[in-house]
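Q: If you're matching them up, the sequences are chains A and B in order.
Numbering of the first sequence is given in my numbering, commencing with residue -2 and proceeding in unit increments.
Numbering of the second sequence is given in my numbering, commencing with residue 19 and proceeding in unit increments.
The C-beta atom is built at its ideal place from N, Cα and C for all residues, glycine as well.
Sending over a structure as structure tokens; questions will come in a sec.
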Amino acid sequence: MTNTLKISKNTRETWAYGFFGILVFLFMWQLACLYTNFGKIFPTPVYSLRAFLEAFIKPIGKYTLLGHIAISLKRVLIGYALSSVSGILIGLAMGHSKMIHAIIYPIFSIIRPIPGIAWIPLAILWIGIGEPTIYFIIFMGGFSQMVMNTMDGAQHVSKELIGVAKVLGARENQIFRKIVLPYCVPYIFTGLQTSLSTSWMAVLAAEMITAREGAGWLILAGMQTGRIENNVIGMISIGGVGLILASLLRDSERRLCRWSVRSR
Amino acid sequence: MVSTKPVTTDKTIIKLENLSKSFQVDQGEALILDDINLAIEENEFLVLFGAGQCGKTTLLKMLAGLESITDGQIVIEDKPLVGMDPRVGMVYQTTALFPWLTVMGNVEFGPKARGVSKKERREKAQYYIDLVGLNSFEKHFPVMLSGGMQQRVGIARAYCNDPEIILMDEPFGHLDAQTRYMMEEEVEKIWEKEKRTVIFVTNNIEEALYLADRIVILTECPAKIKKEYKIDLPRPRNLVSPDFLELREEISALVELREGAE
């Protein structure tokens, strides 16, 4: 009881410190705008905040701010879902079967270090400008991380636990479902975390180059039209959405992996 | 006293006949178990005792079907043992619980894998969870339990699968002395209540004397049967009774003598 109380007090203090940090940051931003040349090329925080609130009602380009974010989110979720599902399946297969590993790993290890955004030119040439290209770029951004993490889990499944299951009467076909799969879950979540942040990066890069809407387009358009406040709005929303996505994922990991030491 | 041939009675459940095990190593073969002959009676509490690191666990793994047999054979109820056998259950030194399953999930794992109906296996698992004193911990994950409690789960899991023979591989080796005494009492109580043949490996002489009907003393590498002691002291045993202490002296001396000679 005293323990939980102490923790919640600590959390409150941490929040207070964090809030204080943000205030200091905004204050220095305001000072810099008022008293240095920075003000000529950059809007003040007060102006940015007003523009931010306005952007919820007044469209920038084709959509309001929420519309742009929704479009980016939709793209990310489609690309991310595709890369996650296929990455988990291929990772499990590579980790579980030595033969599949031997076949796929060499080619995979060449593709793996290529960042998702390096595929942009090729994707445009192959698929053209449009939604599928953007999905493809996001897919390439998260796919290798999903494969690597899942494979890592499947390769390191405890031999002892497999033995235990067999002694208890589990058949060969039950071992995969009852031991290998649950063993991989924390590894899969690690993959989902890193892959989510690279997917979010990939969608922005793709939108900067091939789209007329979305959060990525918004920051680029802000630069091209000389409306820096749009750029600031876009960047803040990108940060916010990224943060929300990551914490949603962390929460679901905590709920699903209560058994794991790592998630506590 | 050293038996060369297993003396079988009609209550014999396991026979080890000329059992040997060697591992391939860089320089050739390393002999781990050397010509073990042993007959184990139904419901006997047999302790394999030896100071060395060699052989005891391997012998248990062979009985569990986790290690191959190099030479000789293991016969359970007149049938030679081939691989895993549902009549054999095991409690592990490391507890080896499935971390993603709750206490209930771990205990009911065996029956569930074998397709026992939910109602039946839940009832059974609950019985063994209660028996090891973990009532109200059914929904806890292993990571939330202490070492002693984790090993209780391991014991319940082994019993719940209905084996006739339970192998225990230094199950309390990682526990502190106090918890260890408690667990030894617990194991004895469970064994009195739910009679099974238990083969228990330990290198703790007090633990061996407290639990065993018979102690089989193994030599160090390669492990051979050095001597057997039938322990007739009344249960539960008093750790400081003169008889207990005398046996303890004698066996300690025997094991140390061997080490001194090396």
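May I ask which residues mark the beginning and end of the beta strand (DSSP E) holding Gln91(B)?
A: Its beta strand (DSSP E) spans residues 89 to 94.
Q: Can you tell me which of the three DSSP states Asp44(B) falls into?
A: Of the three classes helix, strand and coil, the one that applies to Asp44(B) here is coil, per DSSP.
Q: For the beta strand (DSSP E) containing Asp103(B), name the first residue and the last one.
A: Per DSSP, Asp103(B) belongs to no beta strand (DSSP E) and is neither H nor E.
Q: What span of residues does the alpha helix (DSSP H) with Ile104(A) cover, start to end?
A: Start and end: 95 to 108.
Q: What three-state label does DSSP hand Phe218(B) in the structure shown?
A: It is a strand residue.
Q: With DSSP run on the structure shown, which of helix, strand or coil describes Phe67(B)?
A: If DSSP states are grouped into helix, strand and coil, Phe67(B) belongs with the strands.
Q: By DSSP, does Tyr285(B) sit in helix, in strand, or in coil?
A: What is shown of chain B runs 19 to 280, which leaves residue 285(B) out entirely.
Q: Determine, using beta carbons only, whether Pro104(B) and Asn179(B) come nearer to each other than 9 angstroms.
A: Their beta carbons are under 9 angstroms apart, which means Pro104(B) touches Asn179(B) by this criterion.
Q: If you measure between the beta carbons of Leu119(B) and Phe159(B), is that distance less than 9 angstroms?
A: Yes, the Cβ-Cβ distance between Leu119(B) and Phe159(B) is below 9 angstroms.
Q: Output the distance between the C-alpha atoms of Thr207(A) and His65(A), rounded to the nearest integer angstrom.
A: In a straight line, the C-alpha of Thr207(A) is about 14 angstroms away from that of His65(A).
Q: Give the C-beta separation of Tyr77(A) and Ser192(A) to the nearest angstrom, bearing in mind that I take them to be a contact with Cβ-Cβ under 8 angstroms.
A: Yes, Tyr77(A) and Ser192(A) are in contact; Cβ-Cβ is about 7 angstroms, under 8 angstroms.
Q: Could you tell me the alpha carbon to alpha carbon distance between Arg224(A) and Ile185(A), rounded to whole angstroms?
A: The alpha-carbon atoms of Arg224(A) and Ile185(A) are separated by roughly 41 angstroms.
Q: With a Cβ-Cβ cutoff of 9 angstroms, do Asp149(A) and Gly92(A) count as a contact?
A: Result yes, Cβ atoms of Asp149(A) and Gly92(A) sit closer than 9 angstroms.
Q: Are the C-beta atoms of Ala143(B) and some chain A residue less than 9 angstroms apart?
A: Not an interface residue.
Q: Determine the direct distance from the alpha carbon of Gly70(B) to that of Lys33(B), and round the result to whole angstroms.
A: The alpha-carbon atoms of Lys33(B) and Gly70(B) are separated by roughly 23 angstroms.
Q: Could you tell me the alpha carbon to alpha carbon distance between Met232(A) and Glu210(A), rounded to whole angstroms?
A: Approximately 14 angstroms between the Cα atoms of the pair.
Q: Check whether the Cβ of Ser257(A) lies closer than 9 angstroms to any Cβ atom in chain B.
A: Closer than 9 angstroms to some Cβ of chain B, the Cβ of Ser257(A) qualifies, so yes.
Q: Please return the same chain residues whose Cβ sits closer than 6 angstroms to the Cβ of Arg72(A), not counting the five positions on each side in sequence.
A: Correct list, in chain order: Ile131, Val200.
Q: Could you give the distance in angstroms between the alpha-carbon of Gln4(B) and the alpha-carbon of Thr113(B)?
A: Nothing can be reported for residue 4(B), as the shown portion of chain B is limited to 19 through 280.
Q: Which same chain residues end up closer than 8 angstroms to Leu178(A) when comparing Cβ atoms and leaving out the 5 residues on each side of it in sequence?
A: The answer, listed in chain order, is Leu89.
Q: Using a Cβ-Cβ distance cut-off of 9 angstroms, determine whether Ile31(B) contacts chain A.
A: No - not a single Cβ of chain A is within 9 angstroms of the one on Ile31(B).
Q: Along the chain, where does the alpha helix (DSSP H) containing Val267(A) start, and where does it finish?
A: The first residue shown for chain A is -2 and the last is 261, placing residue 267(A) beyond what the model contains.
Q: Measuring CB to CB, does Leu62(A) end up less than 9 angstroms from Leu215(A)?
A: Going by C-beta atoms, Leu62(A) is nearer than 9 angstroms to Leu215(A).
Q: For Gln171(A), return the contacting residues in chain B, with the cut-off set at a CB-CB distance below 9 angstroms.
A: Per Cβ cutoff of 9 angstroms: Ala131.
Q: According to a CB-to-CB cut-off of less than 8 angstroms, which residues of the stretch 84 to 103 of chain B neighbour chain A?
A: Here the close residues are Leu84, Met102.
Q: So Ile173(B) and Ile223(B) are supposed to be a Cβ contact under 8 angstroms. How far apart are they, rounded?
A: Ile173(B) to Ile223(B), Cβ: 22 angstroms. No contact.
Q: Which residues, in chain order, does the stretch 147 to 176 of chain A contribute to contact with chain B at a C-beta distance below 9 angstroms?
A: The stretch 147 to 176 of chain A vs chain B, Cβ under 9 angstroms: Ser155, Glu157, Leu158, Gly160, Val161, Ala162, Lys163, Val164, Leu165, Gly166, Ala167, Arg168, Gln171, Lys175, Ile176.
Q: Tell me which same chain residues have a C-beta within less than 6 angstroms of the C-beta of Ile176(A), skipping the five on either side of it?
A: Closer than 6 angstroms at the Cβ level, and outside the excluded window around Ile176(A), lie Leu158, Ile159, Ala162.
Q: Determine the chain A residues that contact Gly128(B) at a beta-carbon separation under 7 angstroms, and present them in chain order.
A: By Cβ distance, chain A contributes Leu165, Gly166.
Q: Taking 9 angstroms as the CB-CB cut-off, is Tyr132(A) touching chain B?
A: Cβ-Cβ to chain B under 9 angstroms: no for Tyr132(A).
Q: Taking DSSP as the reference, what is the three-state secondary structure of Arg132(B)?
A: The answer is coil: DSSP assigns Arg132(B) none of H, G, I, E or B.
Q: For Arg109(A), I'd like the list of residues in its chain whose CB is within less than 6 angstroms of its CB, leaving aside the five on either flank, ordered along the chain.
A: Around Arg109(A): Ser141.
Q: Determine, using beta-carbon pairs with one atom in the stretch 34 to 52 of chain B and one in the stretch 73 to 82 of chain B, whether at least three such pairs fall under 8 angstroms.
A: The stretch 34 to 52 of chain B is in contact with the stretch 73 to 82 of chain B.
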